[in-house]
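*Asks:* Numbering (our numbering), first residue to last: 679 to 1057. The beta carbon of each residue, even a glycine, is placed where N, CA and C say it ideally should be.
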Ligand SMILES: CC(C)(COP(=O)(O)OP(=O)(O)OC[C@H]1O[C@@H](n2cnc3c(N)ncnc32)[C@H](O)[C@@H]1OP(=O)(O)O)[C@@H](O)C(=O)NCCC(=O)NCCS
């Protein structure tokens, strides 16, 4: 290719053929393997949806029971991994601990051959099962508590909550947390998924694949936005101030966190489900003031940013829900990761089933044919 067209951010450039999820950004439609995400958030649960994403179809009863049992069996982490987490700085971001912990996990389970489906499936189970344990353990350790061992009698979402707080969540909280995991599990070719596929295409082991994706997710333009939404709502401070703040932010070309999406030009369907879930949690807990600010900001933004196709995305309401469950702000993105690991792994399996190493082109804009000037002659 002599003069390839360069599209910043690879916008509209297909990076893979994929059958895992589908978005219609104009109709606010997101499907996992053909099923609307709203339906899954309502009818399914994280383990079942994970199987659907990984395997392509809903599981039969025995398949689901075996998958669930295997996940429960794999939840514990090696004591040396726990020691490694203990030695990380307590003020460091938990996404760093998760990325390091995931890479370290690969050292406990070396895999030089990723072309063996049985080994790969074991790694898939291990990663989905152990990531929540790493996140919860690092959190407990950094605040000076002992890590809490996982329980086998709880579902994935409830066990994560239990490992964080040492108490079982109510049925309503479990439902909300589980639905949040479903909503974050997969989202076509986003930056972290692309990252997972690029790393996977080198036939690197799945722990390297997932740790690459975790690093990519950590940025504020991707998974990190949900934390920044809460900072923004704090800065706005009152519902009365929301519109004035927004007008000023737009005039000064500030990015409004939790708004805008490369694909959705309407409200992200996940934001709609999350808002609904938020209302349900607030019926049990209390309605936080930040939520009033958020809904007022959304109304003002509909007027001001709506005509440009900029509406709330998944991150706009997720932080408010998590905060209301007592989850610290810097764990929001790690929670995103423990859900999205399923999407990353589904893409990894798809990638290596028909692999070609990623090796894109560049448009060269640098100098050429330069002379080497010896150091003493450089002015
Ligand atoms: C998600 C996001 C990175 C998508 O980026 P993108 O597709 O590259 O879109 P761009 O950043 O090029 O934005 C296109 C236009 O919309 C504007 N825009 C996009 N998102 C905006 C936002 N959140 N607030 C204000 N303006 C926004 C841009 O300023 C740009 O305007 P211009 O054409 O006048 O310069 C972007 O919307 C964003 O930064 N959002 C905030 C962070 C966030 O919530 N991320 C979570 C995503 S799930």
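Hey, residue 1023 and residue 884: beta-carbon distance below 8 angstroms or not?
*Replies:* Working through the chain shown from its first residue, we reach residue 1023 at position 345. Working through the chain shown from its first residue, we reach residue 884 at position 206. In this structure, residue 884 lies closer than 8 angstroms to residue 1023 by Cβ.
*Asks:* With a cut-off of 8 angstroms on the beta carbons, I'd call residue 806 and residue 1020 a contact; round off their distance for me.
*Replies:* Here residue 806 refers to the residue found at position 128 of the chain shown. Here residue 1020 refers to the residue found at position 342 of the chain shown. 6 angstroms between Cβ atoms; contact.
*Asks:* So, using beta-carbon positions, are residue 936 and residue 959 closer together than 8 angstroms?
*Replies:* Position 258 of the chain shown holds residue 936. Position 281 of the chain shown holds residue 959. The answer is no: Cβ separation not under 8 angstroms.
*Asks:* Output yes if chain B places a C-beta closer than 8 angstroms to the C-beta of residue 700; else output no.
*Replies:* Given the protein chain composition of this structure (a single chain), no chain B is represented.
*Asks:* Please list the terminal residues of the continuous beta strand (DSSP E) segment that includes residue 702.
*Replies:* Here residue 702 refers to the residue found at position 24 when the chain shown is read from its first residue. Note, residue 702: beta strand (DSSP E), 699-702.
*Asks:* Quick check: the region 904-921 against the region 817-836, are at least 3 beta-carbon pairs closer than 8 angstroms?
*Replies:* In short, these stretches do not touch, since the Cβ pair count stays below three.
*Asks:* Are there any heavy atoms of ligand 1 lying less than 7 angstroms away from the beta-carbon of residue 940, as far as the coordinates show?
*Replies:* Within the chain shown, numbered from 1, the residue matching residue 940 stands at position 262. Yes, the beta carbon of residue 940 sits closer than 7 angstroms to at least one heavy atom of ligand 1.
*Asks:* To the nearest angstrom, how far is it from the Cα of residue 995 to the Cα of residue 953?
*Replies:* Here residue 995 refers to the residue found at position 317 of the chain shown. Here residue 953 refers to the residue found at position 275 of the chain shown. Each residue's Cα considered, the two are about 6 angstroms apart.
*Asks:* With H, G and I counted as helix, E and B as strand and the rest as coil, what does DSSP make of residue 882?
*Replies:* Along the chain shown, read from residue 1 onward, the residue named residue 882 stands at position 204. Looking at residue 882 - three-state DSSP - the assignment turns out to be coil, as it is neither helix nor strand.
*Asks:* Where does residue 709 sit, in a helix, a strand or coil, going by DSSP?
*Replies:* The count along the chain shown starts at 1 and reaches residue 709 at position 31. Strand, per DSSP.
*Asks:* In whole angstroms, what separates the C-alpha of residue 687 from that of residue 859?
*Replies:* Position 9 of the chain shown, counting from 1, holds the residue named residue 687. Position 181 of the chain shown, counting from 1, holds the residue named residue 859. Spanning the two alpha carbons is a distance of roughly 27 angstroms.
*Asks:* Touching or not, the region 1028-1037 and the region 724-744, by the rule of three or more beta carbon pairs under 8 angstroms?
*Replies:* As far as the Cβ criterion goes, the region 1028-1037 does not touch the region 724-744, which means the pair count is below three.
*Asks:* Using only alpha-carbon positions, find the residue among 913, 861 and 693 that is nearest to residue 876.
*Replies:* Taking the chain shown and counting its residues from 1, one reaches residue 876 at position 198. Cα-wise, what sits closest to residue 876 is 693.
*Asks:* Decide yes or no for the touch test of the region 992-1007 against the region 964-972: beta carbon pairs closer than 8 angstroms, at least 3 of them.
*Replies:* Segments in contact, yes.
*Asks:* Going by the C-beta, is residue 856 closer than 7 angstroms to any heavy atom of ligand 1?
*Replies:* For the purposes of this step, residue 856 is taken as residue 178 along the chain shown, with counting starting at 1. The answer is no for residue 856.
*Asks:* Measure the beta-carbon distance from residue 948 to residue 708 and round it to whole angstroms, keeping in mind my assumption that it falls under 8 angstroms.
*Replies:* As a first step, residue 948 must be located in the chain shown, where it is residue number 270. As a first step, residue 708 must be located in the chain shown, where it is residue number 30. Correct: roughly 7 angstroms between the Cβ atoms.
*Asks:* So within the region 809-867, which uninterrupted alpha helix (DSSP H) runs reach at least 4 residues, ignoring any that extend past its ends?
*Replies:* Whole alpha helix (DSSP H) segments, 4+ residues: 834-843 and 849-861.
*Asks:* Considering only residues of the same chain and omitting the five flanking positions on each side of residue 786, which have a CB-CB separation below 8 angstroms?
*Replies:* Residue numbering aside, residue 786 sits at position 108 when the chain shown is read from its first letter. So the qualifying residues of the chain are 756, 758 and 759.
*Asks:* Buried or exposed for residue 793, please, with buried defined as at least 16 other CB atoms from any protein chain shown within 10 angstroms of its CB.
*Replies:* Counted from its first residue, the chain shown places residue 793 at position 115. Exposed, because fewer than 16 other Cβ atoms sit within 10 Å of the Cβ of residue 793.
*Asks:* Here's a check: name, in chain order, each residue in its chain whose Cβ is nearer than 8 angstroms to the Cβ of residue 703, leaving out the five neighbours to either side.
*Replies:* For the purposes of this step, residue 703 is taken as residue 25 along the chain shown, with counting starting at 1. Closer than 8 angstroms at the Cβ level, and outside the excluded window around residue 703, lie 939, 941, 942, 943 and 944.
*Asks:* Comparing the CB of residue 872 with every heavy atom of ligand 1, is any distance shorter than 7 angstroms?
*Replies:* Position 194 of the chain shown, counting from 1, holds the residue named residue 872. Checking the Cβ of residue 872 against ligand 1 gives no.
*Asks:* So, is residue 791 buried or exposed, given that buried needs 16 or more other C-beta atoms within 10 angstroms?
*Replies:* As a position in the chain shown, residue 791 is number 113, starting the count at 1. With fewer than 16 Cβ atoms within 10 Å of its Cβ, residue 791 is classed as exposed.
*Asks:* Please determine, among 852, 897, 879 and 972, the residue with the shortest C-alpha to C-alpha distance to residue 911.
*Replies:* To locate residue 911, count along the chain shown from 1; it is residue 233. Out of 852, 897, 879 and 972, 972 has the C-alpha closest to the C-alpha of residue 911.
*Asks:* Which residue or residues does DSSP assign as beta-bridge partners of residue 714?
*Replies:* As a first step, residue 714 must be located in the chain shown, where it is residue number 36. According to DSSP, residue 714 bridges with 709.
*Asks:* Do you know offhand how far residue 770's Cα is from residue 1014's?
*Replies:* As a first step, residue 770 is located in the chain shown; it is residue number 92 there, counting from the start. As a first step, residue 1014 is located in the chain shown; it is residue number 336 there, counting from the start. Roughly 18 angstroms separates the two Cα atoms.
*Asks:* Using the three-state DSSP reduction, which class does residue 684 fall into: helix, strand or coil?
*Replies:* Residue mapping note: residue 684 aligns to position 6 of the chain shown, counting from 1. DSSP places residue 684 in coil when its eight states are reduced to three.
*Asks:* Taking only heavy atoms of ligand 1 into account, decide whether any of them is closer than 7 angstroms to the Cβ of residue 991.
*Replies:* Taking the chain shown and counting its residues from 1, one reaches residue 991 at position 313. Yes, since a heavy atom of ligand 1 falls inside the 7 angstroms radius drawn around the Cβ of residue 991.
*Asks:* Whole angstroms is fine: what's the gap from residue 1042's alpha carbon to residue 685's?
*Replies:* Locating residue 1042 in the chain shown gives position 364, counting from the first residue. Locating residue 685 in the chain shown gives position 7, counting from the first residue. Each residue's alpha carbon lies about 14 angstroms from the other.
*Asks:* Taking DSSP as the reference, what is the three-state secondary structure of residue 679?
*Replies:* Within the chain shown, the letter at position 1 stands for residue 679. Annotation note: pLDDT 48 at residue 679 (below 50); position unreliable, coordinate value reported separately. In the structure shown, residue 679 sits in coil (DSSP, three-state: anything other than H, G, I, E or B).
*Asks:* For the candidate residues 826, 855 and 844, whose alpha-carbon lies nearest to that of residue 834?
*Replies:* On the chain shown, position 156 is the one that residue 834 refers to. For residue 834, the nearest C-alpha among the options comes from 855.
*Asks:* Can we say the region 977-994 touches the region 893-908, given the rule of at least three CB pairs closer than 8 angstroms?
*Replies:* Yes, the region 977-994 touches the region 893-908.
*Asks:* Tell me residue 937's beta-bridge partners as DSSP assigns them.
*Replies:* For the purposes of this step, residue 937 is identified with residue 259 of the chain shown, where counting begins at 1. DSSP lists 990 as partners of residue 937.
*Asks:* Starting from the Cα of residue 896, find the closest Cα among 1055, 773 and 1048 and give me that residue.
*Replies:* Taking the first residue of the chain shown as position 1, residue 896 is located at position 218. Out of 1055, 773 and 1048, 773 has the C-alpha closest to the C-alpha of residue 896.
*Asks:* Regarding residue 899 and ligand 1, is the C-beta to nearest heavy atom distance less than 7 angstroms?
*Replies:* Here residue 899 refers to the residue found at position 221 of the chain shown. Yes, the beta carbon of residue 899 sits closer than 7 angstroms to at least one heavy atom of ligand 1.
*Asks:* Exposed or buried, which one is residue 1048 when buried takes at least 16 other CB atoms within 10 Å?
*Replies:* Within the chain shown, residue 1048 is the residue found at index 370, counting from 1. Exposed: under 16 other Cβ atoms inside 10 Å.
*Asks:* Any heavy atom of ligand 1 closer than 7 angstroms to the CB of residue 983?
*Replies:* Counted from its first residue, the chain shown places residue 983 at position 305. Correct: residue 983 has its Cβ closer than 7 angstroms to ligand 1.
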